[in-house]
Amino acid sequence: MNNEINGKDWFTLPRTINLFIGFILILIFLSSCIKSEGASSTLEEVLNHIAYKEIVAKGETKDGVVVFFETEHGLDYGFTYKDGSKYRDFCGGGSISLDKMPEVSSSYSECSKESKGKTEHFQMFSGTVNNVDIEELEVQYKDGDRTFNKKAQIIKTNKGYRVWFVIPDEYSNYNLEVISINGYSRDGKNVLKQ
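According to my numbering, the stretch in the sequence shown is residues 2 to 195, in order.
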């Protein structure tokens with residue numbers, strides 16, 4: 002085997018040239034790793050590792066998109082960050098049963114992702130609405146010793162139920178817990194207290 006470059010043995014080249022070549026090889030390797038973790042152009046692309054039947058709803062937020070999709074287990078949901086027109090880092094929640102749906106179901110999820118040297122945290126309450134009289138939901142939740150009320154974003158689906166979500170305004174170091182959910186009719190009447 003010939004280890005020569007311009008008549009010189011590779012191992013006897015000056016140390017700076019060997020370091021430079023090694024540095025270039027490391028850069029090529031690292032750039033290929035970064036490209037393999039790139040963002041996805043569509044929600045379907047970002048969900049390609051999940052066996053889902055169909056996306057039933059999505060809700061835009063300031064940082065990304067909440068996605069609700071049906072699987073063989075029920076209604077699943079999650080969040081994907083949005084960078085410009087691309088999606089990245091899908092963070093899945095849990096499953097909500099579609100059998101014998103209550104008037105309002107609720108679930109909680111949270112996750113952390115490392116991105117560009119910093120940790121991004123995400124927390125969300127979500128669920129379904131199966132009561133046609135409910136036009137607005139208010140979720141009261143506990144964050145350590147503090148209590149918050151926040152209006153849910155409700156999204157219609159073509160499945161006969163609606164979905165909702167609440168994303169807290171700030172990240173909490175606690176696991177958040179729902180204290181109550183109130184449903185209001187179009188005229189402001191409280192039609193559900195859970």
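All C-beta atoms, glycine included, are put in the ideal place defined by N, C-alpha and C. All of these numbers come straight from a predicted model, not from anything done at the bench.
If the criterion is Cβ atoms closer than 8 Å, does the pair V47 and T81 meet it? yes
Taking only the alpha-carbon atoms, compute the straight-line gap between I155 and V67 and give it to the nearest angstrom. 12 Å
Exposed or buried, what is Y175 when buried is set at 16 or more other beta-carbons lying within 10 Å of its beta-carbon? exposed
Taking the alpha-carbon positions, what's the I135 to R147 distance? 27 Å
Starting from the Cα of A40, find the closest Cα among I51, K87, E111 and give me that residue. Out of I51, K87, E111, K87 has the C-alpha closest to the C-alpha of A40.
When the distance is taken between beta carbons, is N131 closer than 8 Å to L193? no
Touching by the beta-carbon criterion (3+ pairs, under 8 Å), the region 106 to 122 and the region 43 to 63: no
Under three-state DSSP, which class holds E104? coil
Let me confirm a value: Q141 is counted as buried when at least 16 other C-beta atoms fall within 10 Å, else exposed. Which label applies? Exposed, since its Cβ has fewer than 16 Cβ neighbours within 10 Å.
What span of residues does the beta strand (DSSP E) with V192 cover, start to end? 191 to 194
So what does DSSP say about V133, is it helix, strand or coil? The three-state reading of DSSP puts V133 in coil, since its state is none of H, G, I, E or B.
With 16 as the cutoff for other CB atoms within 10 Å, does G189 come out buried or exposed? exposed
Where does L44 sit, in a helix, a strand or coil, going by DSSP? DSSP places L44 in the helix class (H, G or I) of the three-state scheme.
What span of residues does the beta strand (DSSP E) with S1 cover, start to end? Here the chain covers residues 2 to 195 and nothing more, so residue 1 does not appear.
Does DSSP put L99 in a helix, a strand or coil? coil
Residue from Y185, A58, N191, G145 with nearest C-alpha to T158: Relative to T158, the option among Y185, A58, N191, G145 whose CA is nearest is A58.
Quick one: Cα of G128 to Cα of A153, how far? 10 Å
Tell me the rounded alpha-carbon separation between G75 and K101. Taking the straight line from one Cα to the other gives about 11 Å.
Beta-carbon proximity of Y53 to D77, cut-off 8 Å: Yes.
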